[in-house]
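Each remark here refers to the structure printed beneath this line.
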Ligand SMILES: Nc1ncnc2c1ncn2[C@@H]1O[C@H](COP(=O)(O)OP(=O)(O)O)[C@@H](O)[C@H]1O
Ligand SMILES: [Mg+2]
């Protein structure tokens, strides 16, 4: 029997409500993004306030678009971590209120795993996920019952790094897409390229880019060079993970995976290695409720037993803490 | 043997009447040409320099026969063994882990950090060889050494979660007189990395 699942995302900037069927048909994907004041980073509490105002509207919009009433929902799934405490709690509260008032089962899931699982909906079976978002930069793959982090940033997330450089160059949030727009030319300015095994680091790169900007290099050319360097590092660590695990599929996820140059580079890398590359549509790469719903469905479909702990938010809910029982 | 590794094609070839290993860094189309050039030359130079340094200190590294910048290639001794990754699936795994830890302390005491000491970068015969110095550097920084430990432990954890190799490996590493600050740096690294996913 076909069921419909509602998912709630609120781990960082994005409040999202998505509805998907048990067959994987997306019925709605509603999102609203908190934009911090000009020139500033995220304020968790302000973001949480934004989410608590927006989530009720998003519930309504999603149900309307799906042409469903709350009674038609068979599972409420929400991202219980990792993320910013106040944002997570807001999402959890909204999820609880909706689930309890409509007598629907409630399940808290891992946000990073949701990014990976939505890639499987694209047709990948056992991929390496290159997950590039604001705070998270990881290369993840399944091994021995868990999604394991094979490599990740050892300082800042790639998205936050791009945002930071953009902010210092006087551009507003989110900086990543703005840098993509102004990137120009094809001449590379040398910047630190930092890969250690399957781990990477971005803070030296962003600092050097800022210094070059101050010393008079053109912003367009620097934006281009920052992208070329940071994305090449990301592709290289994915390549290392592919070689190391012997897997033959690559999935992109996270907000930075919307970048056209990154997509292009990842696809080139994959085809040179003879690996299949799956690139979910942009609305599924960024933080969204649909992926959260889909992961909840996968788990319940495999008879996952919900425990009390599943409904406690966890700011540091690591990818490899999740026991993968559904595959 | 022909092996397509993370960044190079490694194969056995005949050279002066013997079987040797050639390692060629093939071009990455996704990388900007000037970045590509920079990385390939940097890594080839550093790989050969470091192999020579370790060889001269008597550490078990394949002998280096030739380095050719024009075609990004290295020729080295063929080590007829299996990767540690395979060897750890045998019952002798404890011994392998101890020897690998000892080898890593020897590398570190030459002020070399490997940069990518995964279980695929050690070869096991009657002794253990270390290979693949593409990401290696000269450093006596405890944090860099700790990062080597972390890469190794991560690859153990992700590939060999069925054996509990961490303690065996670390206790063998601890036998090295200079290991203490490295292990402390490892603690900090692990707290900062995997365990701290959300930072502003
Ligand atoms: N000297 C050697 N003798 C035997 N096998 C080798 C030798 N060097 C490399 N190999 C094999 O080739 C693989 C890839 O080589 P490596 O130098 O690690 O390249 P990559 O940088 O692509 O990982 C190794 O994991 C090992 O199996
Ligand atoms: Mg290797």
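Residue numbers (the working numbering), protein chains in the order written: chain A, 256 to 582; chain B, 47 to 246.
The beta carbon of each residue, even a glycine, is placed where N, CA and C say it ideally should be.
It should be emphasised that the depicted structure is a prediction, and the values quoted were computed from it without experimental measurement.
Please give the ranges of any beta strand (DSSP E) in the region 447 to 531 of chain A, keeping only runs that are unbroken, at least 3 residues long and fully inside the region. Counting only runs of 3 or more, we get 504 to 508.
Using a 10 Å radius around the Cβ and a threshold of 16 neighbouring Cβ atoms, would you call residue 112 of chain B buried or exposed? With fewer than 16 other CB atoms across the displayed protein chains lying within 10 angstroms of its CB, residue 112 of chain B is exposed.
Could you work out which residues of chain A lie near residue 181 of chain B, taking near to mean beta carbons separated by less than 8 Å? Near residue 181 of chain B (Cβ distances below 8 Å), the residues of chain A are 450, 451, 452.
List the residues of chain B whose Cβ lies closer than 9 Å to the Cβ of residue 405 of chain A, in chain order. Going along chain B in sequence order, the residues near residue 405 of chain A (Cβ under 9 Å) are 200, 201, 204.
Closer than 7 Å, Cβ to any Cβ of chain B: which residues of the region 522 to 537 of chain A, in chain order? The region 522 to 537 of chain A vs chain B, Cβ under 7 Å: 523, 524, 527.
What does residue 164 of chain B touch in chain A if you count any residue whose Cβ is under 9 Å from its own? Under the 9 Å cutoff, chain A gives 452, 453, 495, 499.
So, helix, strand or coil for residue 285 of chain A, using DSSP? Residue 285 of chain A falls in the strand class under three-state DSSP.
Residues proximal to ligand 2 by C-beta, any heavy atom closer than 6 Å: Those residues, listed in chain order, are B:51, B:52, B:166, B:167, B:178.
For residue 184 of chain B, is the classification buried or exposed, using 16 other Cβ atoms within 10 angstroms of its Cβ as the cut-off for buried? Exposed, since its Cβ has fewer than 16 Cβ neighbours within 10 Å.
Measuring CB to CB, does residue 284 of chain A end up less than 8 Å from residue 544 of chain A? The criterion of a C-beta distance shorter than 8 Å is satisfied by residue 284 of chain A and residue 544 of chain A.
Would DSSP call residue 221 of chain B helix, strand or coil? Coil at residue 221 of chain B, not helix or strand.
By the 8 Å beta-carbon criterion, what residues does the region 47 to 64 of chain B contribute toward chain A? Taking 8 Å as the Cβ-Cβ cut-off against chain A, the residues of the region 47 to 64 of chain B that qualify are 50, 51, 52, 53.
Kindly indicate if chain A contains any beta-carbon less than 8 Å away from that of residue 76 of chain B. With 8 Å as the cut-off, residue 76 of chain B counts as an interface residue toward chain A.
Quick one: any contact between the region 271 to 287 of chain A and the region 406 to 414 of chain A, if contact means 3 or more CB pairs under 8 Å? No: the two stretches stay apart, fewer than three of their Cβ pairs being nearer than 8 Å.
Is the region 148 to 166 of chain B touching the region 368 to 385 of chain A in the sense that three or more CB pairs, one from each, lie closer than 8 Å? Short answer: they don't touch.
Do you know how far the Cα of residue 53 of chain B is from the Cα of residue 82 of chain B? Rounded to the nearest whole angstrom, the CA to CA distance from residue 82 of chain B to residue 53 of chain B is 12 Å.
Per-residue contacts from residue 443 of chain A into chain B (C-beta, under 7 Å): For residue 443 of chain A, the C-beta contacts it makes with chain B under 7 Å involve 78, 80, 81, in order along the chain.
Cα-Cα separation between residue 548 of chain A and residue 393 of chain A, rounded to whole angstroms: Cα atoms of residue 548 of chain A and residue 393 of chain A: separation of roughly 22 Å, rounded to the nearest angstrom.
Any heavy atom of ligand 1 closer than 7 Å to the beta-carbon of residue 54 of chain B? Yes.
Compare the C-beta of residue 435 of chain A with all C-beta atoms of chain B and state if any pair is closer than 8 Å. No, residue 435 of chain A lies away from the interface with chain B (no Cβ there is under 8 Å from its Cβ).
Beta-carbon contacts of residue 474 of chain A that lie in its chain and below 8 Å, excluding the five residues immediately before and after: Here the set comprises 424, 437, 468.
Measure the Cβ-Cβ separation of residue 416 of chain A and residue 452 of chain A and say whether it is below 8 Å. Going by C-beta atoms, residue 416 of chain A is not nearer than 8 Å to residue 452 of chain A.
Alpha helix (DSSP H) segments (min. 4 residues) lying fully within the region 328 to 389 of chain A: You should have 340 to 357, 366 to 376.
So if I threshold CB-CB distances at 8 Å, which residues from the region 204 to 225 of chain B count as touching chain A? Those residues of the region 204 to 225 of chain B placed with their C-beta closer than 8 Å to a C-beta in chain A are 204, 205, 207, 208, ordered along the chain.
Under 8 Å, Cβ to Cβ, is there at least one residue of chain B near residue 513 of chain A? Residue 513 of chain A does not count as touching chain B.
Taking the beta strand (DSSP E) that residue 398 of chain A falls in, what are its first and last residues? Residue range 392 to 398 is occupied by the beta strand (DSSP E) that includes residue 398 of chain A.
Between residue 516 of chain A and residue 482 of chain A, what straight-line distance do the alpha-carbon atoms span, to the nearest angstrom? Distance between the alpha carbons of residue 516 of chain A and residue 482 of chain A: 8 Å.
Could you pull the start and end residues of the beta strand (DSSP E) that residue 263 of chain A belongs to? Taken as a continuous stretch (DSSP letters only), the beta strand (DSSP E) holding residue 263 of chain A covers 259 to 264.
Kindly list the residues whose CB is nearer than 6 Å to the CB of residue 258 of chain A, restricted to its own chain and excluding five residues on each side of it in sequence; keep chain order. Its chain contains 277, 329 as the residues whose beta carbon lies nearer than 6 Å to that of residue 258 of chain A, once the 5 sequence neighbours on both sides are disregarded; these appear in chain order.
Environment of residue 171 of chain B [buried if 16+ CB atoms lie within 10 Å]: Label assigned to residue 171 of chain B: exposed.
Do we get a CB-CB distance below 8 Å when we pair residue 102 of chain B with the residues of chain A? Contact with chain A is absent for residue 102 of chain B, since none of that chain's Cβ atoms lies less than 8 Å from the residue's Cβ.
Specify, as a first and last residue, the run of the alpha helix (DSSP H) that residue 543 of chain A falls within. Neither: residue 543 of chain A is in no alpha helix (DSSP H) and is coded neither H nor E.
Same chain, Cβ closer than 7 Å to residue 538 of chain A, five either side skipped, listed in chain order: Close CB contacts of residue 538 of chain A within its chain, under the 7 Å cut and outside five residues either way in sequence, are with 284 (chain order).
So with Cβ pairs under 8 Å, would you call residue 85 of chain B a contact of chain A? Yes, contact with chain A.
Any heavy atom of ligand 1 within a distance shorter than 7 Å of the CB on residue 547 of chain A? Checking every heavy atom of ligand 1 against the Cβ of residue 547 of chain A, none is found closer than 7 Å.
Residue range of the beta strand (DSSP E) that includes residue 574 of chain A: No beta strand (DSSP E) contains residue 574 of chain A, which DSSP labels as neither H nor E.
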